[in-house]
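Reading through the structure tokens given below for one structure.
Numbering (full-length UniProt numbering), first residue to last: 1 to 386.
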């Protein structure tokens, strides 16, 4: 079960403990039926001490569940004769009330309402129902009166007193304040003194409940934000790790060779190795590195007669060069599958030298004495020629 629902239930139970009268709210009739069905015994209307929130704070009565009383037809036009007859019935009702006969008064007022369904007739009958401690019937009549005349002080007063009987403190206080504003009397003031303390307590409880609810919602939202942040961070770390792992498996040369090694040698070696290499690679390498070194190595590679000094065993002059240059369909898999070359490509010094030569082929001469770089260049040339 949702924690928030459990907390709400606990708060409702606490409210019932502090104010048992709330169980007699008409809207909670289903709950009363349920707990009584479990064998629970609710306080009866005779147990007034259990129904009273505080001493003399207002009497709570058991809701009346009688069939709805007869109501008039507001669509029927009221004739003068009916209006006079209704007034006579009202007078008889007043006499019955003075004689302590409320049931008889209700009968006369019902006749008056059927003849003339006016706000004053409904409000008068509502006040009699209040005296009879039938709050639900009183509320129905008060609602009818206020529908006809929203400014009926008697209607607001009767409904406020009826709601107080049901323990609906906030609603009762609201109606009684309106009635007092329209037409103040001592009875309204007396009832308000009993109702307002309970209304304030209910309002304080409602504010506390709203505050707790907002705090719970904020904590829930905070947890959700943290969860989403953690998921996003985990996804980022995973993607980063996969990218790192993929790069490690490929073992590629950063930048690569376009068309063969991922990323390619950007821009190639335009113009090739000018000047030729006396004793070696005359005629250049037309066709170049496919997709990467356009124009080949025209004119051969200068110098290096008898080998490349600094490299063990040198690089024989390759007299006569490579006539016709390097074909344009070099198999770069020979480079990619050579562990020594792939390891060398990961060496920053080797890569810096290769990039220097790519930028300016004439710089090859300054790297011929480097024991780490010269053998790699020689081996690459062997791959190209093989």
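Backbone N, C-alpha and C define an ideal beta-carbon position, used for all residues, glycine too. This one's a predicted model, so the numbers in the text were calculated from it and none came from an experiment.
Can you find at least 3 beta carbon pairs, one from the region 105–118 and one from the region 174–182, that sit closer than 8 Å?
no
Would a C-beta distance cut-off of 8 Å place residue 87 and residue 140 closer than the cut-off?
Not in contact: residue 87 and residue 140 (Cβ atoms no closer than 8 Å).
Nearest to residue 21 by CA position, among 5, 374 and 169, is which residue?
169
Contacts around residue 46, its chain only, beta-carbon distance under 8 Å, and the 5 residues preceding and following it disregarded
Only weak support exists for where residue 46 lies, its pLDDT of 39 falling under 50; the value from the coordinates is given anyway. The answer is none, since no qualifying residue turns up.
Grab me the residues of residue 89's own chain with a C-beta within less than 8 Å of its C-beta, minus the 5 sequence neighbours each way, in chain order.
108, 109, 111, 112 and 115
Could you check if residue 98 is buried or exposed, using at least 16 other CB atoms within 10 Å of its CB as the buried criterion?
exposed
Where do the ends of the alpha helix (DSSP H) carrying residue 369 lie?
Element bounds for residue 369: n/a, residue is neither H nor E.
Pick from 150, 213 and 80: whose alpha carbon is nearest that of residue 122?
150
Once you ignore the five residues that flank residue 349 on each side, which residues in its own chain have a CB closer than 7 Å to its CB?
372, listed in sequence order.
Pop quiz: residue 63 and residue 166 are said to be a contact at Cβ under 8 Å. What is the actual Cβ separation, rounded to whole angstroms?
Indeed they touch by this definition, with Cβ atoms about 6 Å apart.
Closest to residue 195 by C-alpha separation, out of 239, 164, 218 and 181, would be which residue?
164
Run the proximity test for residue 29: is its beta-carbon closer than 7 Å to any non-hydrogen atom belonging to the ligand NAD?
Absence of the ligand NAD is noted for the structure shown, with no ligands found whatsoever.
For a test of the three-state rule: what should DSSP assign to residue 184, helix, strand or coil?
coil
Determine whether the beta carbon atoms of residue 126 and residue 153 lie at a separation below 8 Å.
no
Is the beta carbon of residue 119 sitting closer than 8 Å to the one on residue 129?
no
Measure the beta-carbon distance from residue 133 to residue 61 and round it to whole angstroms, keeping in mind my assumption that it falls under 8 Å.
5 Å
Within 10 angstroms of its Cβ, does residue 363 collect 16 or more other Cβ (buried), or is it exposed?
exposed
Are there 16 or more other CB atoms within 10 angstroms of the CB of residue 261, so buried, or fewer, so exposed?
Here the model assigns residue 261 a pLDDT of 42, short of 50, so the residue's position is not dependable and the matter cannot be decided.
Taking the continuous alpha helix (DSSP H) assigned at residue 91, which residues delimit it?
80–98
Reduced DSSP category for residue 61 - H, G, I as helix; E, B as strand; rest coil:
coil
Rounded to whole angstroms, what is the Cα-Cα separation between residue 239 and residue 247?
Looking at the two C-alpha atoms, the distance is approximately 12 Å.
Helix, strand or coil: which one does DSSP assign to residue 244?
helix
Minimum C-alpha distance to residue 6 - residue among 235, 358 and 213:
213
Given a threshold of 16 other Cβ atoms within 10 Å of its Cβ, counted over all protein chains shown, does residue 345 qualify as buried or as exposed?
By the neighbour-count criterion, in which 16 or more other beta carbons inside 10 Å mark a residue as buried, residue 345 falls on the buried side.
In the DSSP assignment, find the alpha helix (DSSP H) that holds residue 37 and state where it starts and stops.
29–37
Quick one: what does DSSP say residue 72 is sitting in, helix, strand or coil?
coil
Are the CB atoms of residue 172 and residue 155 within a distance shorter than 8 Å?
no
Is it true that the CB of residue 341 sits closer than 8 Å to the CB of residue 380?
yes
Going by beta carbon distance, what residues of the same chain come within less than 7 Å of residue 36, once the five residues before and after it are set aside?
42
8 Å Cβ cutoff met for residue 117 and residue 73
yes
Which of the three DSSP states, helix, strand or coil, is assigned to residue 289?
Note that residue 289 scores 39 on pLDDT, short of 50, meaning its location in the model is unreliable and no value can be drawn from it.
If I follow the unbroken alpha helix (DSSP H) through residue 111, where does it start and stop?
102–115
In whole angstroms, what is the alpha-carbon distance linking residue 233 and residue 227?
10 Å
Status (buried if at least 16 other CB within 10 Å, exposed otherwise) for residue 76:
exposed
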